[in-house]
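In this note's numbering, the protein residues as written are 3 to 526.
In this text, a Cβ means the ideal position worked out from N, Cα and C, and glycines have one as well.
Computed from a predicted model, the values in this text were never measured in an experiment.
Below is one structure, written out as structure tokens; the observations come after it.
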């Protein structure tokens with residue numbers, strides 16, 4: 003392979019680098035990163051067992067819980083797990099470096115198409131310097147969608163720039179893949195494409211741009227029409243429920259019930275100083291050149307920035323979740339800025355030699371790689387938790403005690419009966435590992451609850467997390483609910499083991515206990 007050919011594919015180098023960087027936590031830890039992967043693995047198992055369904059029967063038993071996620075990612079896990087005959091958690095774990103590699107490859111390729119080969123490789127390495135690399139390496143549906151988004155955006159830009167409809171159609175097909183993977187990612191892509199369309203209409207004052215926009219949406223429209231027909235013919239109950247109640251009836255929602263805004267310092271810390279410095283430099287060069295492509299990168303950045311601050315307009319948003327979509331165009335602009343510095347050095351005799359400029363680039367790439375390694379080598383990235391008035395609780399990876407009780411239920415549990423559990427996060431893991439249904443009504447049951455109520459709800463077990471306690475002056479032990487993202491945690495006002503007979507009904511008995519949990523069986 004000659005040097006020119008190597009140079010032409012140089013944009014793949016940062017993708018290879020991130021693959022090996024992501025291997026560090028992949029090989030270092032026994033479980034895949036993030037709490038979310040626990041229920042995504044569960045959905046994959048549900049699809050294998052029941053086919054394509056809209057409700058997860060293991061959660062919120064006995065009625066089930068709307069899945070609320072597009073299925074493509076879960077199909078991928080299920081397909082690979084079945085094909086390779088491997089545990090789904092292991093499949094998810096080894097997807098981490100692969101997803102990260104293809105995300106960086108996609109962004110680097112698009113940067114190359116916008117700004118050239120130096121900008122392409124620079125973009126990829128700058129991504130490594132961002133703290134958001136900790137999100138890129140997670141095995142989540144969103145990261146599968148992130149592979150398609152930069153390509154879809156670039157192809158649509160090329161379509162309206164060259165007035166070639168086929169690129170809009172390909173972009174629209176990628177949009178369909180994103181829709182099939184992650185709903186929030188779909189919204190982000192739709193907003194960017196719509197912003198591009200509006201900008202092009204303003205610049206060219208040519209209504210034919212709407213043809214490209216229509217071509218982009220044609221696959222979505224076809225999907226909607228086909229879905230309506232299929233639901234009407236084969237699932238009329240779901241069809242009429244959607245008509246009356248909207249998509250929320252199957253778990254899809256376009257709104258959040260709460261805000262999680264971010265400070266300016268958090269923006270800077272998460273995106274990273276190298277990206278921001280070179281993006282600022284790129285902005286200066288772009289403003290001097292004032293080419294059309296720069297305007298589209300600017301509008302891409304502005305759209306995602308405004309979305310991350312949607313609470314300004316009264317719309318609830320988790321700002322941190324949007325940062326990864328903002329990182330993509332910022333890193334492209336940063337890659338452009340770094341490439342312009344490289345070329346600008348030619349004008350100064352002291353820095354004009356190719357060897358000096360190459361050393362400069364390699365130094366930035368090496369620094370970015372070093373920062374990426376430092377980030378993923380931090381043990382904090384492998385632990386996920388929730389914080390409330392009683393302190394911090396680890397929710398992922400599963401603890402030894404959680405693995406132990408999941409194993410107990412897998413070997414001894416009656417899967418026709420459900421579990422009440424004071425720690426809903428542990429409940430997700432138990433359901434995934436043992437296929438035991440989880441009842442969501444822990445707070446509605448207590449020592450005085452009639453046995454017939456347990457029997458009616460088909461509840462066979464009560465699980466207490468001994469870590470969930472707080473100090474109280476009240477001598478009578480009682481439970482206090484604390485709200486969290488996935489439901490309530492129930493904290494007790496004293497040592498649970500010491501007061502277990504005061505807590506459980508007289509028709510329940512302790513059947514297993516380990517360091518952190520007590521399992522009680524309801525006898526009827």
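Best match in the options for proximity to residue i [C-alpha to C-alpha]
i, options, result
"residue 26", "174, 85, 374 and 390", "374"
"residue 324", "139, 186 and 464", "186"
"residue 35", "44, 49 and 142", "142"
"residue 63", "462, 308, 200 and 98", "462"
"residue 449", "319, 481, 239 and 178", "481"
"residue 516", "401, 479 and 475", "401"
"residue 155", "41, 434, 189 and 30", "189"
"residue 475", "263, 491, 495 and 338", "495"
"residue 146", "168, 183, 58 and 137", "183"
"residue 135", "417, 506, 485 and 372", "372"
"residue 222", "364, 181 and 238", "181"
"residue 384", "281, 29 and 201", "29"
"residue 343", "96, 120 and 17", "120"
"residue 433", "60, 89 and 53", "60"
"residue 380", "500, 45, 31 and 10", "31"
"residue 225", "89, 238 and 174", "174"
"residue 424", "412, 447 and 171", "447"
"residue 278", "236, 338, 320 and 220", "338"
"residue 197", "123, 129 and 297", "297"
"residue 108", "127, 428 and 362", "127"
"residue 382", "133, 11 and 57", "133"
Whole-number beta carbon distance between residue j and residue i, since they are thought to touch under 8 Å
i, j, result
"residue 79", "residue 93", "5 Å"
"residue 509", "residue 525", "6 Å"
"residue 498", "residue 466", "5 Å"
"residue 295", "residue 116", "6 Å"
"residue 19", "residue 102", "With 8 Å as the limit, residue 19 and residue 102 do not qualify as a contact, their Cβ atoms being about 10 Å apart."
"residue 199", "residue 211", "6 Å"
"residue 171", "residue 217", "5 Å"
"residue 411", "residue 398", "Going by Cβ atoms, the distance from residue 411 to residue 398 rounds to 19 Å, so no, they are not a contact pair."
"residue 408", "residue 336", "About 44 Å; that fails the 8 Å criterion."
Range of the contiguous alpha helix (DSSP H) that encloses residue i
i, result
"residue 61", "No alpha helix (DSSP H) holds residue 61; DSSP gives it neither H nor E."
"residue 199", "185 to 206"
"residue 366", "356 to 379"
"residue 431", "426 to 436"
"residue 101", "90 to 117"
"residue 386", "From DSSP, residue 386 is part of no alpha helix (DSSP H) but of the beta strand (DSSP E) over 386 to 390."
"residue 286", "275 to 291"
"residue 486", "Run containing residue 486: none in the alpha helix (DSSP H); it sits in the beta strand (DSSP E), 481 to 486."
"residue 302", "294 to 310"
"residue 157", "143 to 164"
"residue 172", "167 to 181"
"residue 352", "Careful: residue 352 lies outside any alpha helix (DSSP H) and carries neither H nor E."
"residue 411", "402 to 414"
"residue 447", "Run containing residue 447: none; DSSP gives neither H nor E here."
"residue 52", "38 to 52"
"residue 503", "502 to 505"
"residue 34", "It is not in any alpha helix (DSSP H) - residue 34 carries neither H nor E in the DSSP assignment."
Cβ-based burial, residue i [other Cβ within 10 Å; buried from 16]
i, result
"residue 3", "Unreliable positioning characterises residue 3 in this predicted model, as indicated by a pLDDT of 49, which lies under 50. A coordinate reading is not provided."
"residue 349", "exposed"
"residue 414", "exposed"
"residue 468", "buried"
"residue 272", "buried"
"residue 293", "exposed"
"residue 302", "buried"
"residue 356", "exposed"
"residue 83", "buried"
"residue 16", "buried"
"residue 520", "buried"
"residue 95", "buried"
"residue 261", "exposed"
"residue 179", "buried"
"residue 98", "buried"
"residue 439", "buried"
Bridge partners - residue i, DSSP secondary structure assignment
i, result
"residue 471", "494"
"residue 68", "57"
"residue 515", "520"
"residue 81", "DSSP lists no partner for residue 81."
"residue 422", "441 and 464"
"residue 262", "320"
"residue 510", "524"
"residue 489", "486"
Residue span of the beta strand (DSSP E) that contains residue i, given as start and end
i, result
"residue 329", "Where residue 329 is concerned, there is no enclosing beta strand (DSSP E), although the alpha helix (DSSP H) it sits in stretches over 321 to 346."
"residue 395", "393 to 398"
"residue 209", "Segment: none, residue 209 is in no beta strand (DSSP E) and carries neither H nor E."
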